[in-house]
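Enquirer: Encoded as structure tokens, here's the structure I'll be asking about.
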Amino acid sequence: MKDFSLIDSPWLPVRMKDGQLHHLGLLATFERANDIDALADTSPTDVVAQYRLLLAILHRAATLHVPGWDLSNRVDWYADGLPLEAIRRYLDDFQDRFWLFHPEVPFMQVAALAAADETRDKRKAWTQISLVAANGNTPVMFDHALDAKPQAIGFAEAARMLLGFLQFTPGGLVKTFRDADKAGPLVNTAATVALGGNLGQTLCLNLHPPTRHHAEPDLPAWERPALTIAQLKGAPVLASGPNDRYTRQSRAVLFIPEGSAHIRWIHFGAGYALGDDENELDPMTTYRQGSASLVKLTFSDARALWRDLPALTMSAGSAGKPPPVLSHAIQIAFELGDGGPADQPVLVAGLTSDQAKLLRWRMERYALPSALLQRPELAIFFKAQIETAEVVFKSLTSVAVKFVAHTMPDPESAETRKRARAYLDSGVWGNTFFAYLERVLSDLLEAIGQQRVAQAEGLWHEAIRDAATSAWRVLQQSLGQAASTYIAEAKVQRLFWSVLREHVPRTEAPATHKEVSA
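Heads up: the sequence shown begins at 116 in the numbering used here, then just goes up one per residue.
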């Protein structure tokens with residue numbers, strides 16, 4: 116029995132230009148793209164997966180129904196609207212593959228699980244595909260769900276959850292079809308989406324180029340034959356391209372409907388594993404230089420993402436790789452010339468996990484000057500400013516450790532220094548420093564975008580000095596007003612000011628961040 120067409124049934128949360136929230140089907144989402152500000156799902160993983168779904172549909176619709184499409188078409192669609200006739204024809208061609216429930220090809224699911232010996236008599240709670248719900252041995256604070264008695268969820272919620280899970284699921288034990296399985300394409304990734312003035316523009320900015328002639332067709336999951344149990348048991352398979360990555364069924368799932376509107380149970384197993392290929396980078400993934408090699412940009416504990424924003428620009432060079440979607444967006448900006456936007460907003464969203472357990476997830480938005488993304492010299496300058504802040508913080512942290520150690524007995528011993536560093540890390544030293552700088556970040560970016568480089572450097576250096584003195588003051592207050600605190604400070608204060616003079620010396624006429632904001 117077929118039920119719940121994702122083409123027509125309302126399931127995608129969108130925010131309209133007037134601020135209202137609606138749920139739309141796929142066809143209505145494309146048809147009203149110019150009136151939609153953005154996708155409105157509050158889950159970082161789900162919203163990224165939904166953008167990837169729409170991009171795969173748009174790419175294939177253009178490939179099949181707009182012969183020879185290229186950058187000029189993307190620019191036209193950005194300015195005048197998406198190729199709706201091509202999209203309608205495409206969705207009509209594959210309408211049978213967009214039913215959430217279908218006896219042979221349920222959307223992004225594996226119908227074979229219903230008959231396979233390993234799964235037909237086994238059911239798992241729907242929380243198995245929730246990255247944030249308590250299930251198995253992954254308890255979540257304030258979530259008291261029981262695997263044996265899961266609460267029912269609606270079809271629309273299940274569809275959104277499935278997409279996010281397949282893209283971000285961590286690798287690890289599965290125990291059905293194989294002992295362990297590969298991770299989803301975006302595991303431990305802070306994925307980047309370039310944002311336009313409406314949903315249609317956003318899709319044009321992020322749309323990957325046409326598949327090269329004579330290359331293997333880059334097909335999404337719904338254009339491929341239904342997955343078999345043999346494929347689920349097979350070796351990992353390299354992605355044929357972005358459409359494959361955006362829709363890879365990294366786990367085998369089959370929803371079991373309860374009545375006409377809810378899901379409580381699923382069949383579950385290892386998926387169509389994604390092979391690793393260092394030469395084929397995910398279009399939304401940023402790589403930065405790690406201690407030994409390039410690593411994915413992700414959300415780190417106690418580290419704000421803006422400190423890694425230079426990795427999104429052309430300043431990365433051999434030390435990193437910005438996300439290809441920003442290159443696609445820059446291409447359109449170049450074609451538009453002076454008619455293009457002054458800033459390029461970006462959404463950075465995703466999660467960090469460890470051993471199949473969620474550690475943190477975030478969704479952040481930044482407005483990067485278009486000039487910063489287009490001009491390497493500005494990108495290099497921006498990177499240098501962020502690096503200056505990092506160097507100053509590292510040097511001042513060494514001074515702060517000495518400050519704390521001198522309030523303790525035997526301040527020169529390694530054990531005392533270790534205790535002092537632990538005290539510093541458990542407090543707000545780092546948070547105070549970088550939170551202050553974050554308030555000035557928009558001023559720095561604005562000045563760089565207007566190519567006022569000297570003024571940008573002046574305001575940023577002043578902000579670093581202010582952030583340092585603010586963090587130092589908070590540390591001093593946390594140590595109390597005992598005589599030992601003042602004595603300890605007197606011993607190290609010269610080092611504090613020496614660091615600032617070396618890295619961010621005062622100029623005769625500093626440009627304050629207050630003045631630039633004004």
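The beta carbon of each residue, even a glycine, is placed where N, CA and C say it ideally should be.
Since we're looking at a predicted model, the values are computed, not measured.
Is the distance from the Cβ of T401 to the Cβ of P437 below 8 angstroms?
Expert: As a position in the sequence shown, residue 401 is number 286, starting the count at 1. As a position in the sequence shown, residue 437 is number 322, starting the count at 1. Taking 8 angstroms as the Cβ cut-off, T401 and P437 qualify as a contacting pair.
Enquirer: Residues bridged to L197 by DSSP?
Expert: Numbered from its first residue, the sequence shown carries residue 197 at position 82. Partner(s): none; L197 has no beta bridge.
Enquirer: Could you work out which residue in A598, R554, A569 and T413 is closest to L581 when comparing CA atoms only?
Expert: On the sequence shown, residue 581 is found 466 positions in, with the first residue counted as 1. Sequence inspection shows Asp at residue 581; the Leu mentioned does not correspond to that position. Comparing Cα positions, the closest option is R554.
Enquirer: Using a Cβ-Cβ cut-off of 7 angstroms (strictly less than) and excluding sequence neighbours within five positions of K117, which residues of its own chain qualify?
Expert: Numbered from its first residue, the sequence shown carries residue 117 at position 2. Hits under 7 angstroms: W214, F216 and H217.
Enquirer: Nearest to A417 by CA position, among L322, A464 and S541, is which residue?
Expert: What you label residue 417 is simply residue 302 of the sequence shown in a count that begins at 1. When only C-alpha atoms are compared, the closest one is S541.
Enquirer: How would you call Y361, buried or exposed, if buried means at least 16 neighbouring beta carbons within 10 angstroms?
Expert: By one-based count along the sequence shown, residue 361 stands at place 246. It is buried - the Cβ of Y361 has at least 16 other Cβ atoms within 10 Å.
Enquirer: In angstroms, rounded to a whole number, what distance separates the CA positions of E233 and A295?
Expert: For the purposes of this step, residue 233 is identified with residue 118 of the sequence shown, where counting begins at 1. For the purposes of this step, residue 295 is identified with residue 180 of the sequence shown, where counting begins at 1. Approximately 15 angstroms between the Cα atoms of the pair.
Enquirer: Do you know offhand how far K411's Cα is from A376's?
Expert: Taking the sequence shown and counting its residues from 1, one reaches residue 411 at position 296. Taking the sequence shown and counting its residues from 1, one reaches residue 376 at position 261. Spanning the two alpha carbons is a distance of roughly 39 angstroms.
Enquirer: Just to confirm the assignment: which complete alpha helix (DSSP H) runs, minimum length 4, are found wholly within the segment 453-522?
Expert: Those alpha helix (DSSP H) runs which fall completely within the segment 453-522 and span 4+ residues are 485-489 and 491-520.
Enquirer: Taking the alpha helix (DSSP H) that V547 falls in, what are its first and last residues?
Expert: What you label residue 547 is simply residue 432 of the sequence shown in a count that begins at 1. Residue 547 is actually Thr in this sequence, not Val. Residues W544 to G564.
Enquirer: Can you give me the Cβ contacts of M131 inside the same chain, cut-off strictly under 7 angstroms, excluding the 5 residues immediately before and after it?
Expert: Within the sequence shown, numbered from 1, the residue matching residue 131 stands at position 16. Once the five neighbours on either side are set aside, the close Cβ partners of M131 are H137, D150, I151 and D152.
Enquirer: Alpha carbon to alpha carbon, how far is A578 from F257? Give it in angstroms, no decimals.
Expert: Here the question's residue 257 lines up with position 142 in the sequence shown. Here the question's residue 578 lines up with position 463 in the sequence shown. Note that F257 scores a pLDDT of 45, beneath 50, so its modelled location is shaky; the value from the coordinates is reported in the next line. If I take the Cα positions, the gap works out to 40 angstroms.
Enquirer: List the whole-angstrom C-beta distance separating A298 from G286, where the pair is believed to meet the contact cut-off of C-beta under 8 angstroms.
Expert: Here the question's residue 298 lines up with position 183 in the sequence shown. Here the question's residue 286 lines up with position 171 in the sequence shown. Contact flag correct, Cβ pair sits at about 4 angstroms.
Enquirer: Could you give the DSSP three-state label for A271: helix, strand or coil?
Expert: Residue numbering aside, residue 271 sits at position 156 when the sequence shown is read from its first letter. Looking at A271 - three-state DSSP - the assignment turns out to be helix.
Enquirer: Whole-angstrom Cβ separation of H521 and A603, contact assumed at under 8 angstroms?
Expert: For the purposes of this step, residue 521 is identified with residue 406 of the sequence shown, where counting begins at 1. For the purposes of this step, residue 603 is identified with residue 488 of the sequence shown, where counting begins at 1. About 3 angstroms; that satisfies the 8 angstroms criterion.
Enquirer: Suppose you measure from the CA of R327 to the CA of R235; what does that come to, to the nearest Å?
Expert: Translated into the one-based positions of the sequence shown, residue 327 becomes position 212. Translated into the one-based positions of the sequence shown, residue 235 becomes position 120. So the two alpha carbons sit approximately 41 angstroms from each other.
Enquirer: Please identify the residue among A569, Y551 and W575 whose C-alpha is closest to the C-alpha of L559.
Expert: Taking the sequence shown and counting its residues from 1, the one referred to as residue 559 is at position 444. Minimum Cα distance to L559 is reached at W575.
Enquirer: Taking the alpha helix (DSSP H) that E450 falls in, what are its first and last residues?
Expert: Here residue 450 corresponds to residue number 335 of the sequence shown, with the count starting at 1. Looking at the DSSP string, the run of the alpha helix (DSSP H) that includes E450 is P439 to L451.
Enquirer: Check whether the segment 311-327 touches the segment 472-489, counting contact only when three or more Cβ pairs, one atom from each stretch, lie closer than 8 angstroms.
Expert: In short, these stretches do not touch, since the Cβ pair count stays below three.
Enquirer: Would V607 pass as a contact of F518 if the rule is Cβ separation under 8 angstroms?
Expert: Counting from 1 along the sequence shown, the entry for residue 607 is found at position 492. Counting from 1 along the sequence shown, the entry for residue 518 is found at position 403. For V607 and F518, yes; Cβs fall inside 8 angstroms.
Enquirer: Can you find the residues in the same chain that come closer than 6 angstroms, C-beta to C-beta, to W476, ignoring five residues on each side of it along the sequence?
Expert: Walking along the sequence shown from the start, residue 476 turns up at place 361. Excluding residues within five positions, the ones whose Cβ falls inside 6 angstroms are P159 and L466.
Enquirer: To which residues of the same chain is L334 closer than 7 angstroms at the C-beta, ignoring the five residues directly before and after it?
Expert: In the sequence shown, residue 334 corresponds to position 219, counting from 1. Counting only Cβ-Cβ distances below 7 angstroms, and skipping sequence neighbours, we find S355, N358 and D359.
Enquirer: Between the beta-carbon of I122 and the beta-carbon of L173, is there less than 8 angstroms?
Expert: Stepping through the sequence shown from its first residue, residue 122 is reached at position 7. Stepping through the sequence shown from its first residue, residue 173 is reached at position 58. Result no, Cβ atoms of I122 and L173 do not sit closer than 8 angstroms.
Enquirer: Are the beta-carbon atoms of A419 and F549 separated by less than 8 angstroms?
Expert: Counting from one through the sequence shown, the residue named residue 419 turns up at place 304. Counting from one through the sequence shown, the residue named residue 549 turns up at place 434. Yes; because the gap between Cβ atoms is below 8 angstroms, this pair is in contact.
Enquirer: By the 10 Å Cβ neighbour count, where 16 or more other Cβ atoms means buried, how is G311 classified, buried or exposed?
Expert: Here the question's residue 311 lines up with position 196 in the sequence shown. The residue in question, G311, is buried, as its Cβ has 16 or more Cβ neighbours within 10 Å.
Enquirer: Is it true that the CB of T307 sits closer than 8 angstroms to the CB of V162?
Expert: Taking the first residue of the sequence shown as position 1, residue 162 is located at position 47. Taking the first residue of the sequence shown as position 1, residue 307 is located at position 192. Not closer than 8 angstroms, so no.
Enquirer: Under a three-way DSSP split, which group does H382 fall into?
Expert: To locate residue 382, count along the sequence shown from 1; it is residue 267. Reduced to three states, the DSSP call for H382 is strand.
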